[in-house]
Amino acid sequence: MPDGILIIDKPADWTSMDVCAKLRGIFHEKRIGHGGTLDPMATGVLPVFIGRATRAVQFAEKGDKEYIATMQLGLISDTQDSTGTILERHAVSAARQDLEAVLPRFTGEILQTPPMYSAIKIQGKKLYQLARKGKEVERPQRPITIRALEVLEEGPEHTYKLRVLCSKGTYVRTLCHDIGQALGCGAVMTALRRTMAAGFTLEDAVTLEQVQQAEDPAALLMGVDTYFAGRPMIILRSEAERKLRNGMTLRLNEALPEGEYRVYGADQTFLALCRSDGTHLQTIKSFFNV
7 MPDGILIIDK PADWTSMDVC AKLRGIFHEK RIGHGGTLDP MATGVLPVFI
57 GRATRAVQFA EKGDKEYIAT MQLGLISDTQ DSTGTILERH AVSAARQDLE
107 AVLPRFTGEI LQTPPMYSAI KIQGKKLYQL ARKGKEVERP QRPITIRALE
157 VLEEGPEHTY KLRVLCSKGT YVRTLCHDIG QALGCGAVMT ALRRTMAAGF
207 TLEDAVTLEQ VQQAEDPAAL LMGVDTYFAG RPMIILRSEA ERKLRNGMTL
257 RLNEALPEGE YRVYGADQTF LALCRSDGTH LQTIKSFFNV
């Protein structure tokens, strides 16, 4: 059965789960998950984890993400993007320099109120389900981090392209909405392209069409250890490998700096992500066949 990571350049109008469902049919594998939801209108980097690689999803979801967002000033919608109903229209007097002047307010650690049109649950109900019934409920603010925020380009009709590097849980359409509020004219997000997620970029991505047309789709997969490439590598001897496969903590013959390590067997098979406390090596997540 196939195991590995596939970076899909998600097309517009597909949900992230639509992509996973399509790939289940192509690879004939039920165990498929993704490393961070993209709204249907969004395109770009969607890391997909297949087979045993799904064990890495929990790590991939936590990482920073980068987006190119297009924002139009002067509009307010119920969804905070151009797919929703326009609720208000305002004259725009703000120029590019005014926009750039407010961006520092939204950089660094900030609090963000999630939108009503989101999958966040309040008292057991998803917000978008309430929003579709015309209900609005109070949503607690959530801490997020915007590591980079810059204007890339100015377009017609008060549109701007922004580059956003942000933490998990950031709603870019809400960021656009809030920037519009700060400028006093409102704003909606009109396009969103994710350029980086889980350390993977558009250069790593393939389209669904490319996967469908490939003679051997499994050849497009990257090993799950690719995701952990930033960690140092350890190769175990056969006896230590046996102990690790049996769930044992390994006592180290030599001191090893504290931290996380990619651990391989003598045959170069990726076995696990482990943590060293200096004298022992303990498994965080295993990736071998049981």
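Residue numbering for the sequence shown follows my numbering, starting at 7 and increasing by one per position. By construction, the Cβ of each residue, glycine as well, lies at the ideal position given by its N, Cα and C atoms. Here the structure is a predicted model, which is why all the values come from computation and not from measurement.
### Thr91, buried or exposed, once every other Cβ within 10 Å from all chains shown has been counted against 16
exposed
### Extent of the continuous beta strand (DSSP E) run through Ser292
His286 to Ser292
### Message
For Leu29, report the span of its alpha helix (DSSP H) as first-last.
### Response
Ser22 to Phe33
### Task
Note down, in chain order, each residue of its chain lying with its Cβ closer than 7 Å to the Cβ of Phe234, except the 5 sequence neighbours on either side.
Arg268 and Leu279
### Query
Looking only at its own chain, which residues have a Cβ that is under 8 Å from the Cβ of His286, when we skip the five neighbours before and after it?
Thr255, Leu256, Arg257 and Leu258
### Task
Can you have a look at Asp222 and say buried or exposed, based on whether 16 or more other CB atoms are within 10 angstroms of its CB?
exposed
### Message
Could you compute how far the alpha carbon of Tyr123 sits from the alpha carbon of Leu133?
### Response
6 Å
### Query
In angstroms, rounded to a whole number, what distance separates the CA positions of Glu27 and Ile38?
It should be noted that the sequence gives Ala, not Glu, for residue 27. Spanning the two alpha carbons is a distance of roughly 8 Å.
### Message
Pairs of beta-carbons, one from the segment 129-149 and one from the segment 206-220, closer than 8 Å: are there three or more?
### Response
no
### Message
Taking the straight line between their C-alpha atoms, what separation do you get for Val178 and Val170?
### Response
8 Å
#### Entry: Pick from Lys249, Ala225 and Gly229 that is closest to Thr275, judged by C-alpha positions
Gly229
### Task
Taking Met77 and Thr165 to be in contact with their CB atoms under 8 Å, please state how far apart those CB atoms are, rounded to whole angstroms.
7 Å
#### Entry: Residue burial classification, Lys131 (beta-carbon count within 10 angstroms, cutoff 16)
exposed
### Message
For the alpha helix (DSSP H) containing Ser244, name the first residue and the last one.
### Response
Ser244 to Arg251
### Query
Thinking just about the alpha-carbon of each residue, which of Glu72, Ile11, Thr60 and Pro8 is nearest to the one in Arg199?
Glu72
### Query
If Ala203 sits next to Gly69, beta carbons under 8 Å apart, how far is it from one beta carbon to the other, in whole angstroms?
7 Å
### Message
Measuring straight from C-alpha to C-alpha, what distance separates Val98 and Gly80?
### Response
6 Å
### Thr113 to Ala75 span [Cα, whole Å]
15 Å
### Query
Whose C-beta lies closer than 6 Å to the C-beta of Lys291 among residues of the same chain, with five residues either side of it excluded?
Arg61 and Leu279
### Query
For the segment 197-280, which segments carrying the alpha helix (DSSP H) assignment without a break, of at least 4 residues, lie completely within its bounds, in sequence order?
214-219 and 244-251
### Query
Terminal residues of the continuous beta strand (DSSP E) containing Asp184?
Where Asp184 is concerned, there is no enclosing beta strand (DSSP E), although the alpha helix (DSSP H) it sits in stretches over Val178 to Leu189.
### Query
Can the beta-carbon of Ile193 be found less than 8 Å from the beta-carbon of Gly186?
It is Ala, not Ile, that sits at residue 193 in the sequence shown. Their beta carbons are under 8 Å apart, which means Ala193 touches Gly186 by this criterion.
### Query
Applying the criterion that 16 or more other CB atoms from any shown protein chain within 10 Å of the CB defines a buried residue, is His34 buried or exposed?
exposed
#### Entry: Residue burial classification, Thr43 (beta-carbon count within 10 angstroms, cutoff 16)
exposed
### Task
Quick one: give me the first and last residue of the beta strand (DSSP E) that Leu52 is part of.
Thr49 to Ile56
### Query
Does DSSP put Pro149 in a helix, in a strand, or in coil?
strand
### Query
With DSSP run on the structure shown, which of helix, strand or coil describes Val63?
helix
#### Entry: Distance, Leu227 Cα to Val51 Cα
15 Å
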